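Visitor: Dropping a structure here in structure tokens format, bear with me for questions.
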Amino acid sequence: MIFTPEWVGRVVFQQSDLETLIGLMPNMPLIYRNAQVTVEVSQPRLAFRPRRLDDECVCRAEEMALAILTTLKDTPLIGVGVNYAFTEANPGQLVELFELRDDRQLADADWDVRTRRLARQMQRGQDTLNLTLTYDGQEMTFEFNYHTEMADNAAAQVAVSNRALRLRDDSLRLLREVYNLELTAGGENDGI
8 MIFTPEWVGR VVFQQSDLET LIGLMPNMPL IYRNAQVTVE VSQPRLAFRP
58 RRLDDECVCR AEEMALAILT TLKDTPLIGV GVNYAFTEAN PGQLVELFEL
108 RDDRQLADAD WDVRTRRLAR QMQRGQDTLN LTLTYDGQEM TFEFNYHTEM
158 ADNAAAQVAV SNRALRLRDD SLRLLREVYN LELTAGGEND GI
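Heads up, my numbering is the position in the sequence shown plus 7, with the first residue counted as 1.
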């Protein structure tokens, strides 16, 4: 109930001129956005989505998340995640990652595999990365979820402070060094 357009404009966006989108279904998120960031408010979570992958928008989304955590210090939390997703329309040889031993047996049993998903949970220092690769037969999606579990607001503030740019760059470096992919600029829908 606190996430009214007035409150969100004042506390989160620090501007009164913002776009509000109201979902038609009762469980759809309430969406606020300006030229830099979209904020989705739903019952279980808040999502801050930069409209572009540039430094300005990524930093602004991080600032907004921190503003919420600073203002609502007594709100119970389960975890905080910094997430990035990229799509490769022409995965080429990367499709080989999804060739599994049971493919022939599944086809022989009249099953058509539509989507394949590889998931890994990795740790490096204090960062936990849940990396998911999905292939639907045409394009491949790479989802990076840097997750931090916590029970208190102070830990959540640390988890979102000065990390979004570093984690974005870590994701892009992993795409480049492990999968030989480069980011191509495409405006709001940046992809690989």
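Heads up, the beta-carbon is just placed ideally off N, CA and C, and yes, glycines get one too. In this text, all values refer to a predicted model and were calculated from it rather than measured experimentally.
With a CB to CB cut of under 7 Å and the five nearest residues on each side skipped, what residues in its chain are close to residue 74?
Guide: Counting from 1 along the sequence shown, the entry for residue 74 is found at position 67. Cβ-Cβ distances below 7 Å link residue 74 to 18 and 19 in the same chain, with the five nearest sequence neighbours on each side left out; the list follows chain order.
Visitor: Strictly by DSSP, which residues pair up with residue 57?
Guide: In the sequence shown, the residue the question calls residue 57 occupies position 50. DSSP lists 44 as partners of residue 57.
Visitor: Report back the beta-carbon spacing between residue 44 and residue 57 to the nearest angstrom; my notes put them in contact at under 8 Å.
Guide: Against the sequence shown, residue 44 aligns to sequence position 37. Against the sequence shown, residue 57 aligns to sequence position 50. With 8 Å as the limit, residue 44 and residue 57 qualify as a contact, their Cβ atoms being about 6 Å apart.
Visitor: Where do the ends of the alpha helix (DSSP H) carrying residue 160 lie?
Guide: Residue numbering aside, residue 160 sits at position 153 when the sequence shown is read from its first letter. Looking at the DSSP string, the run of the alpha helix (DSSP H) that includes residue 160 is 160 to 167.
Visitor: When the Cα of residue 151 is compared with those of 136, 62 and 165, which residue comes out closest?
Guide: The sequence position of residue 151 within the sequence shown is 144, counting from 1. Ranking 136, 62 and 165 by Cα distance to residue 151 puts 136 first.
Visitor: Let me know if residue 116 comes out buried or exposed under the rule of 16 or more other beta-carbons within 10 Å of its beta-carbon.
Guide: Mapped onto the sequence shown, residue 116 falls at position 109. Answer is exposed; the Cβ neighbour count stays below 16.
Visitor: Taking C-alpha atoms, which residue in 140, 156, 120 and 91 lies nearest to residue 104?
Guide: Locating residue 104 in the sequence shown gives position 97, counting from the first residue. Ranking 140, 156, 120 and 91 by Cα distance to residue 104 puts 140 first.
Visitor: Tell me the DSSP secondary structure of residue 190 in three-state form.
Guide: One-based indexing of the sequence shown puts residue 190 at position 183. DSSP places residue 190 in coil when its eight states are reduced to three.
Visitor: May I ask you to list the residues that DSSP assigns as paired with residue 112?
Guide: For this step, residue 112 is matched to residue 105 along the sequence shown. None, per the DSSP bridge assignment.
Visitor: Give the range of the alpha helix (DSSP H) segment to which residue 2 is assigned.
Guide: This structure leaves residue 2 out entirely; the chain is present only between 8 and 199.
Visitor: Are the beta-carbon atoms of residue 71 and residue 55 separated by less than 7 Å?
Guide: Within the sequence shown, the letter at position 64 stands for residue 71. Within the sequence shown, the letter at position 48 stands for residue 55. Cβ atoms of residue 71 and residue 55: closer than 7 Å.
Visitor: Report back the beta-carbon spacing between residue 158 and residue 84 to the nearest angstrom; my notes put them in contact at under 8 Å.
Guide: Within the sequence shown, numbered from 1, the residue matching residue 158 stands at position 151. Within the sequence shown, numbered from 1, the residue matching residue 84 stands at position 77. Indeed they touch by this definition, with Cβ atoms about 7 Å apart.
Visitor: Three Cβ pairs or more, each shorter than 8 Å: is that satisfied between the segment 84 to 103 and the segment 160 to 180?
Guide: yes
Visitor: With a 10 Å radius around its C-beta and 16 neighbouring C-beta atoms as the bar for buried, classify residue 147 as buried or exposed.
Guide: What you label residue 147 is simply residue 140 of the sequence shown in a count that begins at 1. Residue 147 should be labelled buried.
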